[in-house]
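Report on one structure; see the data block that follows.
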DNA sequence: CTGCCCAGATTGTCAGACAATATTGTAGGA
DNA sequence: TCCTACAATATTGTCTGACAATCTGGGCAG
C-alpha cells in the first residue's frame with residue numbers, strides 16, 4: 429500500500445504534474461468527482477496548492493488518457509462515456525483481457541507470479557461477500573488489474589488504463605444489484621481458477637464469457653446513465 | 429495534404445496545444461526528429477513561436493500517448509522502443525488489428541465504407557512499386573490506418589495510435605530491403621482482398637499471418653536499433 | 001589519464017497579466 | 001408570465017518574466 433516514491437515533499441524537483449494527474453485520477457475513481465462534472469482551475473489550484481501551469485499539464489495528461497475531456501473555452505470535465513463508447517470499449521477489452529488472461533495463465537509456472545496473482549485475488553473467495561456495490565467496485569477493479577499485472581506485459585498494462593473500467597463503473601454503479609454482483613464475482617472465480625491452473629484456453633474462454641455477460645448487462649441499462657456522443 | 433482546420437491564426441482562441449502536439453507528432457513521423465533525440469524547449473518555443481507553457485502542455489499530451497518520454501530535469505526525448513516493448517506491442521497489435529480487420533470485413537456491406545477502404549488501399553496494387561523504403565513507410569502507415577478506419581470504432585482507432593507503428597518504422601527503416609518490402613505489400617494485398625470480400629475469418633487470419641511475419645522479421649534485426657528498457 | 005569543481009545551459013514551477021469566450025443575472029418588450 | 005437582448009461576472013487561453021534546482025561540459029589539480 430505504499431505510494432512507491434511519489435510525493436516526498438522535499439526537493440525532488442522533478443515532475444510534480446504526474447503526481448497531480450494521479451491524484452485527480454484517483455479522486456475520479458473514488459467518485460469524488462463524477463462523470464460530467466466540471467473541474468474548475470481556480471478551485472483545484474487553490475485546493476492542491478499549485479500553479480495553473482502545473483494543473484494544466486496534468487489536465488493534458490488526463491485528457492490524452494481519456495479520463496477527462498477538455499472543451500475549448502469551457503474547461504475540463506470528467507469524461508462521461510456514451511453507449512457507443514462503452515460498447516466499443518467492451519469489444520476491445522474482450523480481446524485484450526483474453527490476451528492478458530492467456531499470458532497470465534502461461535506464466536503461472538513461475539511461482540512468484542502465481543503467488544502474487546493468488547494474493548491479489550484472494551478476496552473473491554471470501555464467503556462473507558454480500559454483494560455490496562462499494563466493495564464490489566474496488567474488488568472488480570483490483571481483479572482486472574491483477575490479470576493484466578500477471579500477464580507481465582507493461583504495454584498491455586498501460587493500454588488497460590485506457591479501457592476506462594473505473595469510469596464505466598462509476599457511471600453504472602447505482603444500478604448494481606446484489607444478484608448481478610454475486611454472479612460477477614463467481615465468474616471472477618472461474619477466471620482466476622483457470623489462470624491459476626495454467627489453463628490457457630480455459631482462461632481465454634472464461635474471460636470472454638465474463639465480458640460478454642457484462643456487456644449484455646450494460647445493454648439493459650437505461651439511457652440516462654450514458655453520455656451522448658459527438 | 430491540407431492541414432484540416434488546424435492553424436488559421438485568427439482568433440480561434442481554443443486549444444492551440446493540441447495543434448502543437450499534432451505538429452510535433454507529424455514531425456516525428458516524418459523523421460524530422462528521430463527516436464532518442466532531445467526536444468529542447470527553448471528551440472521549439474522559438475521555432476514554433478509559442479510560450480513554454482503551451483509547449484509543455486503539448487509535451488504532456490505526447491508523453492501520455494507514449495510518443496515522447498519526459499525525463500525529470502532532462503527534458504523530452506523522442507521515444508525509442510526497446511526490443512521488449514516492440515514485442516509486447518506486436519502481441520497487442522495482433523489482437524487489435526485482427527479485431528479491426530474482422531469488423532472492417534463485416535462492414536463492407538455498406539457501400540460507402542467499402543468505397544473508402546478501396547480508395548485508401550488502392551496504392552498497394554500499383555505495379556510500379558519497386559520497394560523503396562520511403563514509399564513503403566507511408567504506404568504501410570496508410571494501409572494499417574485504413575483498416576482501423578474501416579472498422580468504424582473510434583476507440584479502436586484511438587488505441588491504434590498507441591501502438592506506435594510509426595515510431596517502430598522510424599527505428600528500423602534503415603534495415604528495410606526491397607524483398608522484405610515487396611513481400612509485406614503482397615501480404616497487404618491478401619488482407620485487403622479478404623476485407624473487401626467481406627471474408628471475416630480470412631481477414632482475421634491474413635492479418636495475424638502478416639503481423640507474425642513482421643514480428644519474426646524484427647527478431648532478426650540487430651540490438652543497436654533498439655533502446656534499453658528501464 | 002582520472003577525479004573534482006565551477007560556470008553555463010536547461011528544466012521545474014510560480015505569479016501576474018490581459019484578451020477572448022462563456023455564463024449568469026437583469027431589465028425591457030411581447 | 002415568458003422570452004430576449006445586453007451588461008456584469010466568471011473562467012479559460014496564452015504570454016512574459018522570474019528564480020530555484022538540476023544537469024552538462026570543460027578545465028584544473030593530482
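Protein chains in written order, with the numbering used here: chain A, 429 to 658; chain B, 429 to 658. Idealized CB from N, CA, C, for every residue including glycine.
Closest in C-alpha terms to residue 504 of chain A, from the list A:514, A:611, A:491 and A:516, comes A:491.
Nearest neighbour of residue 594 of chain A by Cα position, chosen from A:569, A:631, A:471 and A:480, turns out to be A:569. Taken atom to atom, the span from the alpha-carbon of residue 495 of chain A to that of residue 453 of chain A is near 7 Å. Per the Cβ contact rule, the segment 480-491 of chain A is in contact with the segment 481-488 of chain B (3 or more Cβ pairs under 8 Å).
Taking the CA atoms as reference points, residue 440 of chain B sits about 13 Å from residue 446 of chain B. Under the Cβ criterion (8 Å, minimum of three pairs), the segment 504-518 of chain B does not count as touching the segment 506-519 of chain A. Membership of residue 506 of chain B in the beta strand (DSSP E) is indicated by the continuous run 503-506.
Think of a sphere of 7 Å around the beta carbon of residue 463 of chain A: no beta carbon from chain B falls inside it, the nearest being about 16 Å out. Just so you know, the alpha carbons of residue 634 of chain B and residue 588 of chain A end up roughly 26 Å apart. For residue 638 of chain B, the nearest beta carbon of chain A is not closer than 8 Å to its own beta carbon. In chain order, 516, 519 and 520 make up the part of chain A whose C-beta sits under 8 Å from the C-beta of residue 581 of chain B. In chain order, 443 make up the part of chain B whose C-beta sits under 7 Å from the C-beta of residue 498 of chain A. Under the Cβ criterion of 8 Å, residue 501 of chain B is counted among the residues facing chain A. Neighbourhood of residue 488 of chain B in chain A, by CB distance below 8 Å: 445, 485, 486, 488, 489 and 492, in chain order. Short of 7 Å from the beta carbon of residue 619 of chain A, and not among the five residues preceding or following it, lie these beta carbons of its own chain, in chain order: 529, 631, 634, 635 and 638. Within the segment 587-600 of chain A, those residues whose Cβ lies closer than 7 Å to any Cβ of chain B are, in chain order, 587 and 590. Assignment of beta-bridge partners to residue 489 of chain B by DSSP yields no partner. Residue 541 of chain B and residue 442 of chain B have their C-alpha atoms roughly 32 Å apart.
Against chain A, the beta carbon of residue 481 of chain B has neighbours under 9 Å at 480, 481, 484 and 485, listed in chain order. Under the three-state reduction of DSSP output, residue 496 of chain B falls in the strand class. Put simply, the CB of residue 584 of chain A is near chain B, with a gap under 8 Å to one of its CB atoms. Rounded to whole angstroms, residue 627 of chain A and residue 578 of chain A show a C-alpha spacing of 14 Å. For residue 524 of chain A, a Cβ of chain B is located within less than 8 Å of the residue's own Cβ.
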